[in-house]
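Here's the structure we're looking at; comments come further down.
Numbering (the UniProt record's numbering), first residue to last: 1 to 479.
Put into structure tokens, the structure is as follows:
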């Protein structure tokens, strides 16, 4: 997931928004907020914002066209403008492997930053080699943690059940985030509607995502699974078009079609694909010549036994969770929502693990009581497994979340969004080094095609929306 944040004078924040906000709407809000809070005249048009699916260039437009805003004196809002609020980024972790952000109006008393950092020095300082390397390491560290966490989870798979594995990833990170949010004075969800959204978010983005991911890891490699999960922007773009009326440009449509082809290369039985390709190139291809269990081998039992299928389900859960964030953050603090959705999702997976156990002989837990079942599932874990899951939960969850947004507010805005492909790269390299996993040529091709499709979705030109879509979005905003 990509995000970028720009702070003007320390108390006005604008961010790159993933979905489903439209670039023109985001531009309008940035222009209005900048003029009202700083008296800044943004010398750019909506057409300068080219990234439709993420409104990616909004913050960069301000950087390029409004550099005086960094040290502009504070001025009051124009006559009739809103008083007592400012725009602030609201970010929520989705799937533990990505983040989604919204722009919200918040009371001025929530501002805790000052403009000291923006105005303390106006003289640029050339960074040294060590500083440059350190900044680069911090910039890519979340993607490293996310990718290597897949491999760490894979190493624990033989020693416990997938359901408990997902719970062990969620619960410590959730407790850490809720504890930190409470210590910094963030508000707990206060209404039934807020808790309802957090619960729904937990079911889809925590319990379902982590459950599907852990189940998939028992049947496929960490690198291949990471590629499939990182295809979720394709589903997010499609959901945004269906639910919010966001039109896909020709580049976006091409990205979806290419993405389907890439996923087919990753999901289809490799022997059938190779045989069909050879026959097609030789001009002798006929459907009846496919080998037994080839491209026609997608029966129900085959799907359930495919790790790639479970990873695809995980990607769809993350995509739905990404769209849900828009509504979750309207009713509760995003960090509190992130932490509680991990805790609730982890509790759900723990309950399922206690009552259902595992059908695998190595970890069979069909015992007399849920507590005995959980104890049995935990008894196979070693000290190395405990350290691995601590790394997955804290480094690949809570810490990555904080580092990512520190990068967003202090680093290069455009560079951050271009690095998401590193997650499956790190997962594939770590899987090879730690577990001896090797992707086949067909899988490498499928991964390259899928990531290219994600790039097309993330860089499609802006398309306009219909009036009906705008009205529908307005009704949704009133929930």
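Using N, Cα and C, we set each Cβ at its ideal position, and we do this for glycine too.
It should be emphasised that the depicted structure is a prediction, and the values quoted were computed from it without experimental measurement.
key: residue 145 beta carbon less than 7 Å from that of residue 400   = yes
Identity of the residue in 190, 130, 147, 395 nearest residue 221 by Cα = 147
query = What separation, rounded to the nearest whole angstrom, lies between the Cα atoms of residue 135 and residue 435?
reply = 30 Å
ask   = Can you tell me the Cα-Cα spacing of residue 188 and residue 224, whole angstroms?
value = 38 Å
query = Span of the alpha helix (DSSP H) holding residue 438?
reply = Note, residue 438: premise wrong, no alpha helix (DSSP H); not H, not E.
query = Quick one, are the C-beta atoms of residue 170 and residue 345 less than 7 Å apart?
reply = Yes, Cβ-Cβ distance for residue 170 and residue 345 is below 7 Å.
ask   = Quick one: what's got a C-beta closer than 7 Å to residue 231's C-beta in the same chain, skipping five residues either side?
value = 259, 263, 315, 450, 454
inquiry  = Does residue 264 come out as helix, strand or coil in the three-state DSSP assignment?
reply    = helix
request  = Check whether the stretch 234 to 247 touches the stretch 189 to 197, taking contact to mean three or more Cβ pairs, one atom from each stretch, closer than 8 Å.
outcome  = no
inquiry  = Could you compute how far the alpha carbon of residue 248 sits from the alpha carbon of residue 351?
reply    = 41 Å
task = Measure the Cβ-Cβ separation of residue 143 and residue 317 and say whether it is below 7 Å.
result = no
key: residue 388 versus residue 250: straight-line alpha-carbon distance, rounded   = 44 Å
Residue 486 (DSSP reduced to helix, strand or coil) = Limits of the chain in this structure are 1 at one end and 479 at the other, which puts residue 486 out of reach.
query = residue 332 by DSSP, collapsed to three states: which one?
reply = Three-state result, residue 332: coil.
key: Nearest neighbour of residue 356, chosen from 245, 319, 255, 160 [CA to CA]   = 160
query = What is the rounded straight-line gap between the Cα of residue 51 and the Cα of residue 245?
reply = Below a pLDDT of 50, predicted positions are generally treated as unreliable, and residue 51, at 36, falls in that range; the measurement from the model is reported next regardless. Cα-Cα distance, rounded: 16 Å.
message = Report the CB separation of residue 456 from residue 254 in whole angstroms; it is logged as a contact under 8 Å.
response = 6 Å
ask   = Where does the unbroken alpha helix (DSSP H) through residue 377 begin, and where does it stop?
value = 370 to 379
Sequence-distant residues of the same chain with beta carbon closer than 8 Å to residue 431, five excluded per side = 150, 151, 154, 221, 222, 223, 437
query = Alpha carbon to alpha carbon, how far is residue 206 from residue 441?
reply = 32 Å
key: Environment of residue 372 [buried if 16+ CB atoms lie within 10 Å]   = exposed
request  = Counting only the same chain and skipping the five closest in sequence on each side, list residues whose C-beta sits under 6 Å from that of residue 328.
outcome  = 197, 201, 337
inquiry  = Assuming residue 212 is part of the alpha helix (DSSP H), what are its boundary residues?
reply    = Note, residue 212: alpha helix (DSSP H), 209 to 217.
query = How big is the Cα-Cα spacing for residue 375 and residue 203?
reply = 24 Å
key: Proximity winner among 322, 439, 165, 403, relative to residue 216 (alpha-carbon distances)   = 165
task = Out of 162, 265, 349, 211, point me to the one whose CA is closest to residue 439's CA.
result = Ranked by Cα distance from residue 439, the options 162, 265, 349, 211 are led by 265.
ask   = Under a three-way DSSP split, which group does residue 254 fall into?
value = helix
task = Could you have a look at residue 172 and say whether DSSP puts it in helix, strand or coil?
result = helix
inquiry  = When you compare the CB positions of residue 186 and residue 335, do they come within less than 7 Å of one another, or not?
reply    = yes
key: Collapsed DSSP secondary structure at residue 135 in the structure displayed   = Reduced to three states, the DSSP call for residue 135 is helix.
inquiry  = Distance cutoff 7 Å, beta carbons only. Does residue 352 sit that close to anything in chain B?
reply    = Considering every chain present, this structure includes no chain B. It has just one protein chain.
ask   = With burial defined as no fewer than 16 other Cβ atoms inside 10 Å of the residue's Cβ, what is the status of residue 393: buried or exposed?
value = buried
task = Drop a sphere of 10 angstroms on the beta-carbon of residue 420, count the other beta-carbons inside from all chains shown, and report buried for 16 or more, exposed for fewer.
result = buried
key: Inter-residue spacing [alpha-carbon to alpha-carbon] between residue 524 and residue 218   = In the structure as shown, the chain starts at 1 and stops at 479, and residue 524 therefore has no counterpart that could be examined.
Secondary structure of residue 191, DSSP reduced to three states = In the three-state reduction of the DSSP assignment, residue 191 falls in the coil class, being assigned neither a helical nor a strand state.
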